[in-house]
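First residue of the sequence shown? That's 733 in our numbering, and the numbers climb one at a time after it. The beta-carbon is built from N, C-alpha and C at its ideal position, and this holds for glycine as well. Inspection log for the structure reproduced underneath, given as C-alpha coordinates.
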Amino acid sequence: MNKFDSAKLRTRFDNTSEGWLVQVYSGDRRLLCVLDSSHAWTFLWGCGVGLLLAVGWVNLASSSPSPTPGPATPPPEMWID
(Lines of atoms letter the chains of each structure in order from A and count residues from 1; the text may use other names and numbers.)
(Lines give C-alpha, C1' and ligand atoms only; values in the text may rest on other atoms or scores of the structure.)
Protein backbone atom coordinates (compact mmCIF):
# COMPACT_ATOMS: atom_id res chain seq x y z
CA MET A 1 0.00 0.00 0.00
CA ASN A 2 1.22 3.45 -0.88
CA LYS A 3 1.53 5.71 2.17
CA PHE A 4 1.22 9.47 1.93
CA ASP A 5 4.46 11.24 2.89
CA SER A 6 3.99 14.94 3.63
CA ALA A 7 7.77 15.54 3.64
CA LYS A 8 7.96 14.69 -0.06
CA LEU A 9 5.07 17.02 -0.81
CA ARG A 10 6.69 19.83 1.17
CA THR A 11 10.01 19.55 -0.66
CA ARG A 12 8.18 19.45 -3.94
CA PHE A 13 6.47 22.81 -3.33
CA ASP A 14 9.20 24.56 -1.34
CA ASN A 15 10.54 26.22 -4.47
CA THR A 16 7.38 28.37 -4.68
CA SER A 17 8.47 30.37 -1.63
CA GLU A 18 11.81 31.26 -3.22
CA GLY A 19 10.35 33.91 -5.52
CA TRP A 20 12.14 35.00 -8.64
CA LEU A 21 15.46 36.51 -9.60
CA VAL A 22 16.33 38.76 -12.54
CA GLN A 23 19.96 39.17 -13.53
CA VAL A 24 20.84 42.03 -15.90
CA TYR A 25 23.99 41.65 -17.98
CA SER A 26 25.82 44.13 -20.21
CA GLY A 27 26.86 43.43 -23.80
CA ASP A 28 30.19 41.94 -22.73
CA ARG A 29 28.47 39.48 -20.37
CA ARG A 30 29.27 41.34 -17.17
CA LEU A 31 26.68 41.24 -14.43
CA LEU A 32 25.23 44.73 -13.99
CA CYS A 33 22.59 44.16 -11.30
CA VAL A 34 20.40 41.55 -9.71
CA LEU A 35 16.73 42.17 -8.92
CA ASP A 36 15.26 39.91 -6.29
CA SER A 37 11.62 39.50 -5.32
CA SER A 38 12.33 41.35 -2.07
CA HIS A 39 13.31 44.40 -4.14
CA ALA A 40 9.90 44.37 -5.81
CA TRP A 41 8.09 44.02 -2.48
CA THR A 42 10.13 46.88 -1.01
CA PHE A 43 9.35 49.05 -4.04
CA LEU A 44 5.62 48.30 -3.80
CA TRP A 45 5.66 48.94 -0.05
CA GLY A 46 7.35 52.30 -0.65
CA CYS A 47 4.80 53.21 -3.33
CA GLY A 48 1.97 52.38 -0.93
CA VAL A 49 3.45 54.43 1.90
CA GLY A 50 4.10 57.31 -0.49
CA LEU A 51 0.52 57.19 -1.72
CA LEU A 52 -0.79 57.21 1.84
CA LEU A 53 1.40 60.20 2.68
CA ALA A 54 0.27 62.08 -0.42
CA VAL A 55 -3.42 61.46 0.30
CA GLY A 56 -2.94 62.49 3.93
CA TRP A 57 -1.06 65.61 2.91
CA VAL A 58 -3.80 66.63 0.47
CA ASN A 59 -6.50 66.02 3.09
CA LEU A 60 -4.61 68.09 5.67
CA ALA A 61 -4.03 70.89 3.20
CA SER A 62 -7.69 71.03 2.15
CA SER A 63 -9.05 70.89 5.71
CA SER A 64 -6.77 73.57 7.14
CA PRO A 65 -8.27 77.07 7.12
CA SER A 66 -6.95 79.39 4.49
CA PRO A 67 -5.08 82.37 5.88
CA THR A 68 -7.34 85.38 6.18
CA PRO A 69 -5.90 88.52 4.69
CA GLY A 70 -5.47 91.48 7.01
CA PRO A 71 -7.15 94.81 6.42
CA ALA A 72 -6.36 96.22 3.03
CA THR A 73 -4.26 99.34 3.28
CA PRO A 74 -4.14 101.72 0.36
CA PRO A 75 -0.75 102.07 -1.23
CA PRO A 76 1.11 105.22 -0.19
CA GLU A 77 0.70 108.15 -2.49
CA MET A 78 3.73 109.12 -4.40
CA TRP A 79 4.75 112.77 -4.34
CA ILE A 80 6.19 113.75 -7.63
CA ASP A 81 7.75 117.22 -7.88
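- Given a length threshold of 4 residues, the stretch 748 to 782 has no whole run of the alpha helix (DSSP H) inside it.
- Between Ser-769 and Trp-752 a beta carbon distance of about 5 angstroms is seen, short of the 8 angstroms cut, so the two are scored as contacting.
- The Cβ-Cβ distance between Ser-758 and Leu-764 falls below 8 angstroms.
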